[in-house]
Amino acid sequence: MAGRLMRAVVYEGYGGGAAKLKHVEVPIPPPKKDEVLLKMEATSVNPFDWTIQTGRMRPILPFKFPYIPGIDAAAEVIEVGEGVQNLKAGDKVVSVLSFGGGGGFSEYAVASKALTVKRPPEVSAAEGVGLPIAGGVGHYAVQLAKLGNAHVTVTCGARNADFLKSLGADEILDYNTAEGAAHKSPSGKTYDYVIHCATGIPFSTFEPNLSKNGKVIDLTPGPRTMLNFVFQNENLEYLIGLVKQGKLKTIMDSKYPLDKAEEAWAKSIEGHATGKIIVEH
Ligand SMILES: NC(=O)c1ccc[n+]([C@@H]2O[C@H](COP(=O)([O-])OP(=O)(O)OC[C@H]3O[C@@H](n4cnc5c(N)ncnc54)[C@H](OP(=O)(O)O)[C@@H]3O)[C@@H](O)[C@H]2O)c1
Numbered sequence: 001m002a003g004r005l006m007r008a009v010v011y012e013g014y015g016g017g018a019a020k021l022k023h024v025e026v027p028i029p030p031p032k033k034d035e036v037l038l039k040m041e042a043t044s045v046n047p048f049d050w051t052i053q054t055g056r057m058r059p060i061l062p063f064k065f066p067y068i069p070g071i072d073a074a075a076e077v078i079e080v081g082e083g084v085q086n087l088k089a090g091d092k093v094v095s096v097l098s099f100g101g102g103g104g105f106s107e108y109a110v111a112s113k114a115l116t117v118k119r120p121p122e123v124s125a126a127e128g129v130g131l132p133i134a135g136g137v138g139h140y141a142v143q144l145a146k147l148g149n150a151h152v153t154v155t156c157g158a159r160n161a162d163f164l165k166s167l168g169a170d171e172i173l174d175y176n177t178a179e180g181a182a183h184k185s186p187s188g189k190t191y192d193y194v195i196h197c198a199t200g201i202p203f204s205t206f207e208p209n210l211s212k213n214g215k216v217i218d219l220t221p222g223p224r225t226m227l228n229f230v231f232q233n234e235n236l237e238y239l240i241g242l243v244k245q246g247k248l249k250t251i252m253d254s255k256y257p258l259d260k261a262e263e264a265w266a267k268s269i270e271g272h273a274t275g276k277i278i279v280e281h
């Protein structure tokens, strides 16, 4: 395959949002040692992806321009590089592509064997691709917290209140109201954990609402989150297992073909997705 051309979407510098995505043809990358070549089935757009484009993570990310975005991958293994024993051509997988190298917005991509997990037939490409970076992160967090029998208070826009109740949320706060913005639990509870996944909220609003040993887990994009990010195959396998058993759902906001990747990009930048924004190949 190496050397043949494939369709890809790239951007060539910082800034410019969806308007700066370009459709090009580039050579199919060869899998190196411990890597697999993937035929992409789906990727997703997450706030993390377009945050890289803004230049907020320079000089760490991206490694170089032109850059093919897309870090989540649901795909089929086409070729394996030297040293790959646990995967073979024909395996359906979910992968995390290199943060610095990206590659999901293309027909083929290379992934490390260490960041690639087999996907059972019960889990579709679109369901599986939501799991690695897990944008639309709040809807997974609620479901996982409920699986752990936690009492869950959610902040969301009023339009999503019923949706989040259906996922198991016990209390709902509308972030557009004063009480919601202050994160006060309606029943007066304090929080043992706050999963912080909306940008522009000062830590000082969490502090008065935390229990004695309460913790804030900050998922918002930035160099600090990058440094704390630890990917473990067994965690992804665990999540795929929950989807297979019907215990965890991937809620899809919208799906776009690769030809319309810029529409998916713009939708994510708008910040009003409910669940995952998927790009299918
Ligand atoms: N560290 C990690 O591994 C990791 C992984 C995934 C995501 N993240 C981060 O987590 C954040 C969320 O990502 P995402 O993909 O879930 O984003 P998203 O899908 O773009 O989030 C959009 C949703 O957030 C709601 N929202 C906006 N402001 C809010 C606020 N102040 N309080 C409560 N809800 C609010 C919106 O509601 P309305 O439409 O009603 O306004 C909309 O439903 C991002 O900062 C992302 O980078 C981190």
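Under UniProt numbering, the residues of the sequence shown are numbered 1 to 281, in order.
The C-beta atom is built at its ideal place from N, Cα and C for all residues, glycine as well.
In this text the structure is predicted, and so the values were computed from the model without any measurement.
Do residue i and ligand 1 come close, with the Cβ less than 6 angstroms from some heavy atom?
{"i": "leucine 219", "result": "yes"}
{"i": "threonine 155", "result": "yes"}
{"i": "proline 257", "result": "no"}
{"i": "proline 186", "result": "no"}
{"i": "threonine 43", "result": "no"}
{"i": "asparagine 235", "result": "no"}
{"i": "asparagine 46", "result": "yes"}
{"i": "tyrosine 175", "result": "yes"}
{"i": "valine 137", "result": "yes"}
{"i": "threonine 199", "result": "yes"}
{"i": "histidine 272", "result": "yes"}
Would residue i pass as a contact of residue j if the rule is Cβ separation under 7 angstroms?
{"i": "proline 66", "j": "glutamate 12", "result": "yes"}
{"i": "leucine 37", "j": "valine 110", "result": "yes"}
{"i": "lysine 249", "j": "glutamate 280", "result": "no"}
{"i": "serine 4", "j": "isoleucine 28", "result": "In the sequence as presented, serine is not what sits at residue 4; that position holds arginine. Yes, the Cβ-Cβ distance between arginine 4 and isoleucine 28 is below 7 angstroms."}
{"i": "arginine 119", "j": "lysine 92", "result": "yes"}
{"i": "proline 221", "j": "threonine 51", "result": "yes"}
{"i": "phenylalanine 105", "j": "valine 9", "result": "yes"}
{"i": "alanine 74", "j": "alanine 125", "result": "yes"}
{"i": "leucine 236", "j": "valine 117", "result": "yes"}
{"i": "valine 129", "j": "leucine 115", "result": "no"}
{"i": "alanine 2", "j": "isoleucine 278", "result": "no"}
{"i": "methionine 252", "j": "glycine 271", "result": "no"}
{"i": "valine 152", "j": "aspartate 174", "result": "no"}
{"i": "valine 77", "j": "leucine 87", "result": "yes"}
{"i": "residue 345", "j": "isoleucine 133", "result": "Past the edges of the chain, shown from 1 to 281, lies residue 345, and the structure says nothing about it."}
{"i": "glycine 90", "j": "phenylalanine 63", "result": "no"}
{"i": "tyrosine 108", "j": "lysine 22", "result": "no"}
{"i": "glycine 168", "j": "lysine 146", "result": "yes"}
{"i": "isoleucine 240", "j": "valine 123", "result": "yes"}
With a threshold of 6 angstroms, establish whether the CB of residue i neighbours any heavy atom of ligand 3.
{"i": "isoleucine 133", "result": "Inclusion of ligand 3 in the displayed structure is not the case, the ligand content consisting of ligand 1 alone."}
* **Length at least 3, wholly inside the region 172-206: the beta strand (DSSP E) runs in chain order** => Those beta strand (DSSP E) runs which fall completely within the region 172-206 and span 3+ residues are 191-196.
* Asked: Per the contact definition of three or more C-beta pairs closer than 8 angstroms, is the region 213-220 in contact with the region 186-198?
  -> With the cut-off at 8 angstroms, the region 186-198 and the region 213-220 touch.
* Asked: Counting only runs that start and end within the region 31-81, where is the alpha helix (DSSP H) found for 4 or more residues in a row?
  -> For the region 31-81, the full-length alpha helix (DSSP H) segments reaching 4 residues or more read 47-54 along the chain.
* Asked: When the Cβ atoms of the region 163-181 are set against those of the region 138-152, are three or more pairs found closer than 8 angstroms?
  -> The region 163-181, when compared against the region 138-152, does touch it at the 8 angstroms Cβ threshold.
* **the region 232-248 contacting the region 18-36, beta-carbon criterion three pairs below 8 angstroms** => No: the two stretches stay apart, fewer than three of their Cβ pairs being nearer than 8 angstroms.
* To do: Give a yes or no on contact between the region 17-29 and the region 259-270, applying the rule of three or more CB pairs nearer than 8 angstroms.
  => Output reads yes: the region 259-270 touches the region 17-29.
* At a cut of 8 angstroms, does the region 44-55 reach the region 77-85 through at least three beta carbon pairs? -> In this structure the region 44-55 does not touch the region 77-85; the number of beta carbon pairs closer than 8 angstroms is below three.
* beta strand (DSSP E) runs wholly inside the region 89-135, at least 3 long, in chain order -> DSSP runs (the beta strand (DSSP E)) wholly in the region 89-135: 92-96, 108-112, 116-118.
* To do: Pick out the complete alpha helix (DSSP H) segments inside the region 212-269, 4 residues or longer, and give them in chain order.
  => Taking only runs of at least 4 residues, the alpha helix (DSSP H) segments lying wholly in the region 212-269 are 223-228, 233-244.
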